[in-house]
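Colleague: Taken in sequence, the protein lines are chains A and B.
Just so you know, we're using the numbering used here here: the first sequence kicks off at 1 and counts up by one.
Just so you know, we're using the numbering used here here: the second sequence kicks off at 1 and counts up by one.
Glycine included, C-beta positions come from ideal geometry on N, C-alpha and C.
Let me give you the structure first, and then I'll get to my questions.
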Amino acid sequence: MRFALRRIGFFALTLWAALSLNFLLPRIMPGNPVESAIASLHVPLTPAEMNAIAAQFGINTHQGLVSEYFTYLGHTLTGNLGVSFVHYPTPVTSYIATGIWWTLGLVGTATILAFVLGTAVGAIAAWRRGSRLDSTLPPLLVFTTAIPYFWVGLMLILVFSSVLGWLPSEGGYTLGATPTFSLSFIGDVLQHAILPALALLITSIGGWVLTMRNTMVGTLTEDYVRMARAKGLPPHRIMMSYAARNAILPNLTGFAMSLGFVVSGAILVEYVFNYPGVGFMLFNAVNGSDYPLMQGLFLLITVAVLLCIVLSDIATAILDPRTRTAA
Amino acid sequence: MAMPISVSSGQPTGLPEPSALPSAGGARGRAARGRLITAVRRNRKATAGAILLVLFTLVALFPGLIPHYDPTRIFFGAKCASCYSTPALVQSSPSAAHWLGTDLEGHDVFSQVVLGTRAVLVLAVVTGLLTTLIAMVVGVAAAYLGGFWDGALNVVTDVLLVIPLFPLLIVIVKYLGQSGNLVLILVLTVTGWSYTARQLRSQAQSLRNRDFLLAARVRGERSFYIIMVEMIPTMTSLLLACFLGNALYAVLAGSGLQFLGLGDPNMVSWGTTLYWADSQGALQSGLYLWEIVPGLCIALLGAAFALLNYAFDEISNPALRPLRAKNTARKKAALAIPTVGGLASDEQAS
């Protein structure tokens, strides 16, 4: 219980840090790019919107920094992230909502696949220590973890779209198709998701395999494994319930760490594939100097990552009693 | 911040890395360096990584070794009726004169790749060094000082650790405007030290109550001296591994930002070359090599750092080393508790 409270406190603190970063960044940067973005804006801002922008970016402020800060916190915590400049007058929150499901679907599927496949392969590699699989896989995977995400995406487009013409190279679904719950539309969406998901899978699976393999090489030498052997348990049981099960725990903790990488990969991959998720949105916001949207997306991505870490924390606590008493 | 690949980095709270512990002092330090070089030569992953790194370094230091053009020189295409200007500015396909073709402005792409090596390598090495340095100061200070400072530094480290860095980088770099190498290095360094700091902190913590540090304290040495002369030298191999991980991170994150068009578009660097390739439609016009080669260079340089990093993990953690032939022959026995287990438990004991 104390552990849970401490974790909650930590996440609240992180959230506050992210909010404050968002508030401070435009203020400490040289010049004020938001000002010029507003100047080039051909839309009439209402006083309320102007007030929100003032709180967010410190433009035309008649308030002190401190009261601005609290106005900003108030706005953000009540879900008011301002109005998108480019998609005026759509509020940032409702614009982001159109992209979030695409990203969750794509990144979620790719990450879970990478985790499950990678952990399984890593466990097998460690179990068959010194086999051909185990000696060829690690160097290869060390290489794949060093490949830039976006380049994998580009190469997949090159091979499967440009040269072979098997799969579509951009978008979340065929242009002009109406999103419905029909079988053909779902098939279309899946077809468009294959290459981006593959790009994420290729670059992120290596980390899972290597961590799992190296941890399990360690657990295989533990006394409880020796004991299991001495008891004459069948090998698959030793592998699954004794060695692998204990080796997964650090992998789960690593899950939280790796999320940042997956998110950054997702941004680049979505950009390469013009995938309609939040990553591509972030790129477009940056490109169009849509500062409210850009900062809203940063916040949203941070919150999403924090939530995932909480989930993996809970999973670790359920699977590993030691973490409940430690820390 | 390094990729969570290895055991030691997968468990930030981890056990002491014993092989990193001894070897303070001159003669022993030299012997350790000798052992390190031998170990690198014996480990095939390390050899491959080292060769790649040396090759790239040579090209970065002496780009003249590979014949290339001035990357700003404009090559005009043949006259054509349908072009806007005569002589025409056209992208050209790879040829004997232009191995990777030219871009829309008539610049030779191969020359950009050759000259881009330096920018990328500087970004990687300087960012790697600076991040590791900051992480070392924060991590070791937290572990050594303990108490309030440990708590405070830890909270800062942990918060930075869970905030997704790439979106943050995008936002910061957008505000700063198109960034050259110097700005990229600064931004990557300021945001990217937390993971390493955590690793170094747990390593330093495991050292805290060792006899040679107690002895130094009893001698009445100042904290600064103890940290710099007694603690840091014992962590050399971990520091090296962290440097490699951070350099890899810098290559990938920096190139990613440049690819998104957030770098200085006039700078010659692999990520920028890819940005131009993508925005000038290289894939659509069939100029595949323009997209393939710079990306492959990033991947190879990254692989050099990653391979060395992974190999160092194997070198410093004997349990991970590939089994020798006689062990693999006895397949089932390869789980050889006597041999492998012996090493591993020795380690935990120390």
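With 8 Å as the limit, tell me which residues of the segment 140-167 of chain A have their beta carbon closer than that to any beta carbon of chain B; keep them in chain order.
Modeller: Closer than 8 Å at the C-beta level to chain B, one finds these residues of the segment 140-167 of chain A: V142, F143, T145, A146, I147, P148, Y149, F150, W151, L154, M155, I157, L158, S162.
Colleague: According to the neighbour-count rule (16 or more other Cβ atoms, all chains shown, within 10 Å of its Cβ), is Y224/A buried or exposed?
Modeller: exposed
Colleague: Determine the contact status of A247/B and V125/B, defining contact as a CB-CB distance below 8 Å.
Modeller: yes
Colleague: Check whether the Cβ of D150/B lies closer than 8 Å to any Cβ atom in chain A.
Modeller: Taking Cβ atoms only, chain A never reaches closer than 8 Å to D150/B, which makes this a no.
Colleague: Would the beta-carbon of Y271/A fall within 8 Å of that of F283/A?
Modeller: yes
Colleague: Anyone know if the C-beta pair for T117/B and P63/B falls short of 8 Å?
Modeller: yes
Colleague: Looking only at C-alpha atoms, which of L45/A, I238/A, W101/A sits nearest to H87/A?
Modeller: L45/A
Colleague: My parser needs the alpha helix (DSSP H) runs of 4 or more residues fully inside the segment 151-206 of chain A; what are they?
Modeller: none
Colleague: Would V263/A count as contacting chain B if we go by Cβ distances under 8 Å?
Modeller: yes
Colleague: Shortest alpha-carbon distance to T71/A belongs to which of N51/A, F85/A, S84/A, V209/A?
Modeller: Of all alpha-carbon atoms in N51/A, F85/A, S84/A, V209/A, the one lying nearest the alpha-carbon of T71/A is that of N51/A.
Colleague: How should Q284/B be labelled, buried or exposed, when 16 other C-beta atoms within 10 angstroms of its C-beta is the threshold for buried?
Modeller: Exposed, because fewer than 16 other Cβ atoms sit within 10 Å of the Cβ of Q284/B.
Colleague: Report the option in F85/A, G218/A, L156/A whose CA atom is closest to the CA atom of P250/A.
Modeller: G218/A
Colleague: Interface residues of chain B around P26/A at Cβ under 7 Å?
Modeller: Y175
Colleague: Starting from W270/B, follow the alpha helix (DSSP H) in both directions and report where the run begins and ends.
Modeller: 270-279
Colleague: At a Cβ threshold of 8 Å, is I318/A touching chain B?
Modeller: no
Colleague: I need the boundaries of the alpha helix (DSSP H) containing I53/A, first residue and last residue.
Modeller: Its alpha helix (DSSP H) spans residues 47-57.
Colleague: Looking at G34/B and the ligand MG, is the gap between the Cβ and the nearest heavy atom below 7 Å?
Modeller: You won't find the ligand MG in this model; it holds no ligand whatsoever.
Colleague: Give the interface partners of T302/A over in chain B, defined as CB-CB distance under 7 Å, in chain order.
Modeller: Among the residues of chain B, those whose CB is under 7 Å from the CB of T302/A are I163, P164, following chain order.
Colleague: Return the residue from the list G180/B, L289/B, A143/B, R41/B that minimises the CA-CA distance to L200/B.
Modeller: A143/B
Colleague: Spell out whether any CB of chain B is found under 8 Å from the CB atom of V305/A.
Modeller: yes
Colleague: Which residues in the same chain as N309/B place their Cβ atom closer than 6 Å to its Cβ, once the five residues preceding and following it in sequence are excluded?
Modeller: A241, L244, G245
Colleague: With distance defined between alpha-carbon atoms, name the residue in G295/B, T102/B, T191/B nearest to L154/A.
Modeller: G295/B
Colleague: Measure the C-alpha to C-alpha separation of S131/A and L137/A and round it to an integer number of angstroms.
Modeller: 10 Å
Colleague: For the segment 263-292 of chain A, enumerate the residues whose C-beta is nearer than 7 Å to any C-beta of chain B, in chain order.
Modeller: V263, S264, I267, L268, Y271, L282, F283, V286
Colleague: Would the segment 208-222 of chain B and the segment 177-197 of chain B be scored as touching if the rule is three or more Cβ pairs under 8 Å?
Modeller: no
Colleague: At which residues does the alpha helix (DSSP H) containing L308/B begin and terminate?
Modeller: 288-316
Colleague: Go through its chain and collect everything with a Cβ distance to L220/A's Cβ below 8 Å, but skip five positions before and after it.
Modeller: Hits under 8 Å: A126, W127, R129, A243.
Colleague: Does DSSP put G130/A in a helix, a strand or coil?
Modeller: coil
Colleague: On a CA-only basis, which of D108/B, N154/B, V122/B, D278/B is nearest V137/B? Give me that one, please.
Modeller: N154/B
Colleague: What residue range does the alpha helix (DSSP H) around W149/B cover?
Modeller: Counting along the chain, W149/B sits inside the alpha helix (DSSP H) bounded by residues 147-162.
Colleague: By DSSP, does T102/B sit in helix, in strand, or in coil?
Modeller: Residue state, collapsed to three classes: strand.
Colleague: Could you confirm whether any beta carbon from chain A is found closer than 8 Å to the beta carbon of L115/B?
Modeller: no
Colleague: So, using beta-carbon positions, are L168/B and F298/A closer together than 8 Å?
Modeller: yes
Colleague: Going by DSSP, what residue range makes up the alpha helix (DSSP H) through S202/B?
Modeller: 194-207
Colleague: Please list the partners that I309/A has in chain B, where partner means a Cβ-to-Cβ separation under 7 Å.
Modeller: V162
Colleague: Could you pull the start and end residues of the alpha helix (DSSP H) that A253/B belongs to?
Modeller: Counting along the chain, the unbroken alpha helix (DSSP H) around A253/B starts and ends at 236-259.
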